[in-house]
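Heads up: the sequence shown begins at 1 in our numbering, then just goes up one per residue.
Virtual Cβ for every residue (Gly too), placed ideally from N, Cα, C.
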Amino acid sequence: MLGNAGGGWRTRLALVALGVVCLLGVSIPMAMGADATPTYKLKSYRSRGWDRSFKADVYEEMPKVPRVLVFGGSRGLRMDPATIKKATGLTAFNFAFHNGRPEDAWAVTDWVLDTHPDKPPTVIWCIQATTLADVPMNPGLIVDERLSQAFPKSLINAKMKWAMKQPQRNILSGRRFGYDGMLWWNSYDKKRQQGRTLKRALDMYLDADMLAKAGNRKIPGNTRSKSYFVKTIRLLNAYKIRPLIVIMPYHPRALKAFRAVGWGVKQRWLRTYLSKLQDHLNFRVLNCVNIKTFGGNPNGFYDGAHLTASNSRKLIRYCVRRAPGCFKVPKAPTPTPSPSVSGSPAPAPVAPPAYQPVPEDTSTQADFLE
């Protein structure tokens, strides 16, 4: 654990705002005031941190500390925390991101453990074969100190100039989220409402470029993402958490098309890689690439890969049935002096990987590498 936890960031922000109020004699809504609009209900949220900072703010406003977190990319955005709560009795939060990567999971895990070391979260981690390929880190991991504190200073320093050049985008433009981080509405819903059929969406998804990517037989080498994937699991294990890794499903038509062009090479590599990791790390894997595994509905997709909320709920219920042990929270640890820099009572410090520049795939959004 590195640096300061996010609580200090919000405290300093509140103090600055209070100082402005006192000096200028004006009334402004306080970020932490009882009457302030909850972040998820805002009409606009502009930030270089985009959905990373947005969800961190929403998480901080949760009335209870979530004990289940969802990690992943856009395919995990509709994994419903309310369904998790109903199935497990545990408060949950969706920390999946657009183009979510292992670096995101590492930063969030480090931050929430620093903030609530006595309440470590269980984890559902939605992945695909290309999750472990290297793409540019989201600028939110660089500019938001709640998340940047998890990385080596050398990495942050190397990327800060680039990150500060990124635009401040409005995450709530055409999107709505719940108080628990779940995506409620985005362009997929708008296009469906405007008449786009699933058949049309699949036709567009399975274009020549997508099939070429699916069949290129590229598998991740010694990537930064793999390093952070391993480190995150190791950190969770240090808190006696056994994360659940879910290999996400595809629409049957997309799965058939992918397999026809040789995509199976990537899938076999992923399963072999995870199996080898289980020799020294404690986690469970559920291979849900085929919707028959969890009783999914072929009509419950927006395209070849992105599940609707109803299909995501079926997937969640299957996960809880098949891996109930992954949702058992450990007893609160007895606080002890921490060897970590941030001072949380971690049972075992897990340092981030040393910074080393890596080639990053910038040809397409990470969630659409296949």
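Let me make sure I understand the geometry here. Which of the options has the alpha-carbon closest to that of residue i?
{"i": "Arg224", "options": "Met160, Val65 and Pro152", "result": "Pro152"}
{"i": "Val65", "options": "Thr122, Lys86 and Lys276", "result": "Thr122"}
{"i": "Pro39", "options": "Phe95, Phe177, Pro120 and Gln166", "result": "Going by the sequence as given, residue 39 is Thr instead of Pro. Comparing Cα-Cα distances from Thr39 to each of Phe95, Phe177, Pro120 and Gln166, the minimum goes to Phe177."}
{"i": "Leu90", "options": "Ala82, Phe97 and Ala96", "result": "Ala82"}
{"i": "His116", "options": "Ala133, Glu60 and Ala163", "result": "Glu60"}
{"i": "Ala214", "options": "Arg317, Trp125 and Lys266", "result": "Lys266"}
{"i": "Lys331", "options": "Tyr355, Trp263, Asn290 and Lys240", "result": "Lys240"}
{"i": "Leu132", "options": "Arg284, Asn99, Leu255 and Leu172", "result": "Asn99"}
{"i": "Asn237", "options": "Tyr188, Asn138 and Lys328", "result": "Lys328"}
{"i": "Asn379", "options": "Arg52, Leu211 and Met62", "result": "Examination of residue 379 is not possible in this model, given that the chain is present from 1 through 370 alone."}
{"i": "Val402", "options": "Ile124, Ile171 and Gln166", "result": "Lying outside 1 to 370, the shown extent of the chain, residue 402 is not represented and no answer is given."}
{"i": "Cys126", "options": "Ala87, Tyr250 and Pro63", "result": "Tyr250"}
{"i": "Arg322", "options": "Gly140, Ala105 and Val246", "result": "Val246"}
{"i": "Arg242", "options": "Pro324, Ala201 and Asp134", "result": "Pro324"}
{"i": "Ile124", "options": "Lys85, Glu145 and Asp114", "result": "Lys85"}
By a C-beta neighbour count over all protein chains shown, 10 Å radius and 16 as the cutoff for buried, is residue i buried or exposed?
{"i": "Glu103", "result": "buried"}
{"i": "Gln149", "result": "buried"}
{"i": "Gly371", "result": "Outside the modelled stretch of the chain, which goes from 1 to 370, sits residue 371, for which no answer is possible."}
{"i": "Asp279", "result": "exposed"}
{"i": "Asp180", "result": "buried"}
{"i": "Ile28", "result": "Caution applies to Ile28, whose pLDDT of 34 falls short of 50 and renders its modelled position unreliable; the value that the coordinates give is listed next. Result: exposed."}
{"i": "Asn94", "result": "buried"}
{"i": "Trp50", "result": "buried"}
{"i": "Trp111", "result": "buried"}
{"i": "Gly295", "result": "exposed"}
{"i": "Val436", "result": "The shown model of the chain, from 1 to 370, leaves out residue 436, and the question about it has no answer."}
{"i": "Asn297", "result": "exposed"}
{"i": "Gln356", "result": "exposed"}
{"i": "Pro120", "result": "buried"}
{"i": "Ala351", "result": "exposed"}
{"i": "Arg217", "result": "exposed"}
{"i": "Asn186", "result": "buried"}
{"i": "Trp162", "result": "exposed"}
{"i": "Asn290", "result": "exposed"}
{"i": "Pro337", "result": "Only weak support exists for where Pro337 lies, its pLDDT of 38 falling under 50; the value from the coordinates is given anyway. Burial call: exposed."}
{"i": "Arg200", "result": "exposed"}
Roughly how many angstroms separate the alpha carbons of residue i and residue j, rounded to a whole number?
{"i": "Pro353", "j": "Thr232", "result": "11 angstroms"}
{"i": "Ser47", "j": "Lys55", "result": "12 angstroms"}
{"i": "Arg101", "j": "Ala36", "result": "32 angstroms"}
{"i": "Trp184", "j": "Gln194", "result": "17 angstroms"}
{"i": "Leu286", "j": "Lys314", "result": "14 angstroms"}
{"i": "Gly304", "j": "Met248", "result": "11 angstroms"}
{"i": "Gly300", "j": "Pro252", "result": "11 angstroms"}
{"i": "Arg234", "j": "Leu281", "result": "7 angstroms"}
{"i": "Ala96", "j": "Leu77", "result": "5 angstroms"}
{"i": "Arg317", "j": "Ala158", "result": "42 angstroms"}
{"i": "Leu274", "j": "Thr130", "result": "13 angstroms"}
{"i": "Met210", "j": "Met62", "result": "38 angstroms"}
{"i": "Gly174", "j": "Lys41", "result": "13 angstroms"}
{"i": "Gly140", "j": "Leu147", "result": "8 angstroms"}
{"i": "Asn170", "j": "Val108", "result": "21 angstroms"}
{"i": "Ala257", "j": "Gly73", "result": "22 angstroms"}
{"i": "Leu198", "j": "Tyr302", "result": "6 angstroms"}
Along the chain, where does the beta strand (DSSP E) that runs through residue i open and close?
{"i": "Thr39", "result": "Careful: Thr39 lies outside any beta strand (DSSP E) and carries neither H nor E."}
{"i": "Pro327", "result": "Looking at the sequence provided, one finds Phe at residue 327 rather than Pro. Run containing Phe327: none; DSSP gives neither H nor E here."}
{"i": "Phe93", "result": "Ala92 to Asn94"}
{"i": "Ile245", "result": "Leu244 to Ile247"}
{"i": "Met183", "result": "At residue 183 the sequence reads Leu, which differs from the Met that was named. From DSSP, the beta strand (DSSP E) with Leu183 extends over Leu183 to Trp185."}
Got a sec, what are the start and stop residues for the alpha helix (DSSP H) residue i sits in?
{"i": "Val112", "result": "Pro102 to Thr115"}
{"i": "Arg224", "result": "Arg224 to Ala238"}
{"i": "Leu255", "result": "Pro252 to Ala260"}
{"i": "Leu274", "result": "Gly264 to Leu277"}
{"i": "Arg217", "result": "Note, Arg217: premise wrong, no alpha helix (DSSP H); not H, not E."}
{"i": "Asn391", "result": "Residue 391 lies beyond the residue range present for the chain, which begins at 1 and ends at 370; the question has no answer from this structure."}
{"i": "Gly140", "result": "Gly140 to Val143"}
{"i": "Ile291", "result": "No alpha helix (DSSP H) holds Ile291; DSSP gives it neither H nor E."}
{"i": "Leu155", "result": "Lys153 to Met164"}
{"i": "Ile241", "result": "Segment: none, Ile241 is in no alpha helix (DSSP H) and carries neither H nor E."}
{"i": "Ala87", "result": "Pro81 to Thr88"}
Can you tell me whether residue i is helix, strand or coil according to DSSP?
{"i": "Asn170", "result": "strand"}
{"i": "Val65", "result": "coil"}
{"i": "Val285", "result": "strand"}
{"i": "Val123", "result": "strand"}
{"i": "Val70", "result": "strand"}
{"i": "Leu307", "result": "strand"}
{"i": "Phe54", "result": "helix"}
{"i": "Arg176", "result": "strand"}
{"i": "Ala48", "result": "Reading off the sequence shown, one finds Arg at residue 48, where the question assumed Ala. Correct three-state label for Arg48: coil."}
{"i": "Tyr205", "result": "helix"}
{"i": "Met210", "result": "helix"}
{"i": "Gly76", "result": "helix"}
{"i": "Val358", "result": "coil"}
{"i": "Gln193", "result": "helix"}
{"i": "Val350", "result": "coil"}
{"i": "Gly3", "result": "At Gly3, the pLDDT of 41 sits below 50, so the modelled position is not reliable; the number obtained from the coordinates is stated separately. In this structure, Gly3 counts as coil in the three-state DSSP scheme."}
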